[in-house]
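Last residue of the first sequence? That's 760 in the numbering used here, and every number before it is there in order.
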Amino acid sequence: MSDLLQGLNPAQRRAVEAISGPVLVLAGPGSGKTRVLTHRIAHLIQTAGVDPLNLLAVTFTNRAAREMRERLSTLVGKGVAMALTVGTFHSLCARFLRRDIVYLERARDFVIYDSDDQERLIRRILHDLNLDVKQYQPRSILSRISSAKNELVSPTEFIRLNRGYRDEVVARCYQRYQVLLREANALDFDDLLVETVRLFEQHPTVLAHYQRRYHYMLVDEYQDTNRVQYVLVKQLAAQRRNLFVVGDEDQSVYGFRGADVRNIRSFEQDYPEAQVILLEQNYRSTQAILDTAQAVISADAGRKHGKKLWTENSAGLHVALYKGYDQEAEAAFVADEIVHLVTSGTFTMRDCAVLYRTNAQSRALEEAFSRRGLRYQIIGGIRFWERKEVKDVVAYLRFAANPFDSVSLTRILNWPTRGIGERTETELARWAVQLGVPLFQALKELDNEQAAAPFSARTITVLRSFLRLTEELAAACRQLPLVQFIAHLLERVPVRESLVREYKTNEADERWRNVEELSNVANRYSELPLEEQLPTFLEEVALVADVDRLDQTADAVTCITLHQAKGLEYPAVFLVGLEDGLVPHSRSLDQRDQLEEERRLLYVGMTRAKQRLYLCHAGRRMSFGHTATTTRSRFLEDIPPALIKPSVRQRAVVAVPQFGSAGRNSGTTTNREVARASVVAVPPTKPIAADTVPARPQKPRVVTFFAGQRVAHTRFGEGVVVSSRLIDGDEEVTVSFTDRERRLLAELANLVHVEA
DNA sequence: GACCAGCCGTTTTTT
DNA sequence: ACGGCTGGTC
């Protein structure tokens, strides 16, 4: 049992051994926190004699949950590891709700709506409310609804809080949205958490059951919890207070989805008896990488208590800085450098990762890699489950499992096309509203001869035959194992024919392969009892993240967003697109908190690297079909030049060695490409003393904008100043633009006074 | 209802 | 630059 503590430093040991009570572990990147979490669980089981059934662990991704289970299997045995409850907040809540939801009719078979389903629902609502979809973008309404839910604000409360006409529209949508979700027996992502909190609030016996069951609760990446998750943790840990949270405020990068660093910052107030453990030793990166990352994060103005990371690792090579002529040169550099790293025998392809801010950036890389025959895997982008053909087939499965699911019903109503057009769909929807029943119920009324269905005889025939099909499928899905049911479905519904009709041969083939892949995934559920196969499958479809599908054993370069890279590590890391507008992203430029989050994102990216780190940017970049010159990321200016070394590696001029056969164009490098190669070494823009971070310029102490002034912003156009105030020496101006009010930082937003 | 041409928005990040 | 959508026509 003592081998669990072997090789741990004193701080890690204290974290592992802390038996009871609240514990806050502030852990820097590469400090072995995953190891600490796993070993602590093993320690609780083996040394403290805690039954694994009494342990609840919350991870950030399902992949992390799976890895924790695997590590635990080797430490304490597979059976024990399987007994542990571990998962993401979302999957755990889904599980709790399936078991215990007691106040919603039919609730146990609820489906989970993803963002695409949510958007369809909002569109329908806007349509019903006679509102223009262009003017009120469904995405923006959904994001308002989502933040309301994350703050546990109900539609009723939202209406009470409402400010201005726009929020009134959101409020009406929110209210109707919830009604329709319940009618469809569906929960969206946020509902999974919100409904669990409500379940616990309204049914103390249910909460008490979980409080009794889970003696110890552990939460990873606590800095990324939002309000609902915070409340949930509080509820579950209220009795025994054996709450162990691990996090790092420097790695908080999910503010946009409601994550609130205050949760981790106020842990000691919430649990005054808490033990606080700092893990500052880094085991992952070389000194050079760590120093460079520290230079970037130290300049974060909003940091509460900065950790002083240190490492016993060797100094390693300088962090490399590369400037490409454009994004293609940048991608070419990355590809050639990877070829170099691999051929020189230092690294394998699976050791290399390319990290970027937006998924769209993966395209240039993809081209550069496939041209050289480099194997790569791109995580994210167009997700498997979001492909239209996959979603369409899944819609049949969801509808068979839950006929109240109106979104799925409208999705399959005329797919494959069967002569039910938009006209008929609108009529059907209107009729359902008139009868006050879900869509499916209205459809069923067609069998009732007395009902005055507002359709032509021909339409009624078509609808009835669709109704027969769905009834038949609903019956079959209860009798057949999932894989057989899918086969049956594909027999009854001419999916392949439809794909062939809709797309060109190649594309139709590829889409059909995706549909077949669906059956392969379904096969994983064959072991489960028949009635659990379909629901479990559908839940995975909704909750499994892209990064969960990452294959770390594949001999291929990984291309991934900075966000998804959190928690991962690679011997060689390339950060691309380090330009103002990407990192920090242009949407984050105007607000201090968002800007700081971008800085932390860069920090997260840099600290993924174990041995080699490349910081890349391009002098010109094409976006939206236009090429524009760029400025390198302002965050790079915070790195003392002595720490980074411009990389001047020339592109391979001779034949490039071939690596397997990824992509279509795996082949030779042409002369044209070599001619285009352009390597520019960038001198540091301003001299900075090597060992100090530059002092920030003195902030203004007075406001320079006043209510009523007309101002112009490069992106938002003209607006009127509502108010202006100083926050920490920053002037925050609230401006009413034509679309909405925005809070901007005067220093950053580049506001220009305009004559009235 | 199917088909085609031109148009428009896309790119923040995700469970 | 590209794919998806709209609105026109058959």
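Beta carbons are placed, not taken as given, at the ideal position from N, Cα and C, and that holds for glycine.
Quick one: Cα of residue i to Cα of residue j, how far?
i       : j       : result
Leu-647 : Thr-296 : 6 Å
Glu-476 : Glu-199 : 33 Å
Val-174 : Val-183 : 14 Å
Asp-195 : Asp-340 : 47 Å
Val-580 : His-322 : 17 Å
Ala-319 : Thr-631 : 39 Å
Val-497 : Asn-418 : 11 Å
Ile-129 : Ile-105 : 27 Å
His-757 : Arg-714 : 6 Å
Tyr-181 : Phe-541 : 25 Å
Phe-337 : Pro-645 : 21 Å
Val-201 : Leu-236 : 6 Å
Thr-689 : Glu-641 : Note that Thr-689 scores 28 on pLDDT, short of 50, meaning its location in the model is unreliable and no value can be drawn from it.
Ala-372 : Val-739 : 44 Å
Thr-673 : Ala-324 : With a pLDDT of 25 at Thr-673, under the threshold of 50, the modelled position of this residue cannot be trusted, and the question is left open.
Asp-224 : Leu-432 : 47 Å
Thr-633 : Gly-259 : 29 Å
Leu-156 : Arg-103 : 22 Å
Arg-164 : Glu-172 : 10 Å
Val-466 : Glu-449 : 14 Å
Ala-546 : Asp-118 : 6 Å
Asp-584 : Ala-716 : 21 Å
Phe-193 : Ile-116 : 7 Å
Leu-12  : Ile-126 : 52 Å
So, with DSSP's three-state summary, where would you put residue i?
i       : result
Leu-725 : Looking at the sequence shown, residue 725 is not Leu but Val. Three-state result, Val-725: strand.
Thr-92  : coil
Arg-636 : strand
Ile-105 : coil
Val-504 : helix
Pro-533 : coil
Tyr-226 : helix
Glu-495 : helix
Trp-314 : strand
Leu-12  : coil
Phe-114 : coil
Arg-39  : helix
Arg-625 : strand
Tyr-181 : helix
Asp-555 : coil
Lys-392 : helix
Val-265 : coil
Ser-256 : coil
Thr-430 : helix
Lys-308 : coil
Asp-330 : coil
Taking all protein chains shown into account, do 16 or more other C-beta atoms lie within 10 angstroms of the C-beta of residue i, making it buried, or fewer, making it exposed?
i       : result
Asn-154 : buried
Ala-479 : exposed
Glu-3   : Given a span of 5 to 760 for the chain in the structure shown, any question on residue 3 remains unanswerable.
Ala-357 : buried
Trp-389 : buried
Arg-729 : exposed
Met-610 : buried
Lys-311 : buried
Ala-753 : buried
Gly-723 : buried
Phe-628 : exposed
Ile-145 : buried
Lys-508 : exposed
Pro-3   : Residue 3 is absent from the model: the chain starts at 5 and stops at 760.
Below 8 Å on the Cβ atoms is my contact criterion, and I expect residue i with residue j to pass it. Report the Cβ-Cβ distance as a whole number of Å.
i       : j       : result
Asp-594 : Leu-471 : The pair is not a contact, with the Cβ atoms about 53 Å apart (cut-off 8 Å).
Pro-539 : Ala-404 : In fact, because the Cβ distance is near 11 Å, the residues do not count as touching under 8 Å.
Thr-347 : Asn-317 : That belief does not hold up - the Cβ atoms of Thr-347 and Asn-317 are roughly 25 Å apart, past 8 Å.
Leu-755 : Phe-709 : 7 Å
Gln-243 : Gln-279 : That belief does not hold up - the Cβ atoms of Gln-243 and Gln-279 are roughly 19 Å apart, past 8 Å.
Arg-624 : Tyr-329 : 7 Å
Hey, would you say the C-beta of residue i is under 7 Å away from at least one heavy atom of the ligand PLP?
i       : result
Phe-100 : The model on display carries no ligand, and the ligand PLP is accordingly not part of it.
I'd like to know if the region 242-252 and the region 79-91 are in contact, where contact means that at least 3 CB-CB pairs between them fall below 8 Å. At 8 Å Cβ cutoff, the stretches do not touch.
Does the region 606-619 come within contact of the region 264-276, defined as at least 3 CB pairs closer than 8 Å? Note that the region 606-619 does not touch the region 264-276; fewer than 3 beta-carbon pairs, one per stretch, sit closer than 8 Å.
Can at least three beta-carbon pairs, one atom from the region 57-67 and one from the region 23-30, be found at a separation below 8 Å? Not touching, per the Cβ criterion.
Is it true that the region 432-444 meets the region 517-533, where meeting means three or more beta-carbon pairs spaced less than 8 Å apart? In the pairwise beta carbon analysis, the region 432-444 is classified as not touching the region 517-533: fewer than three pairs are separated by under 8 Å.
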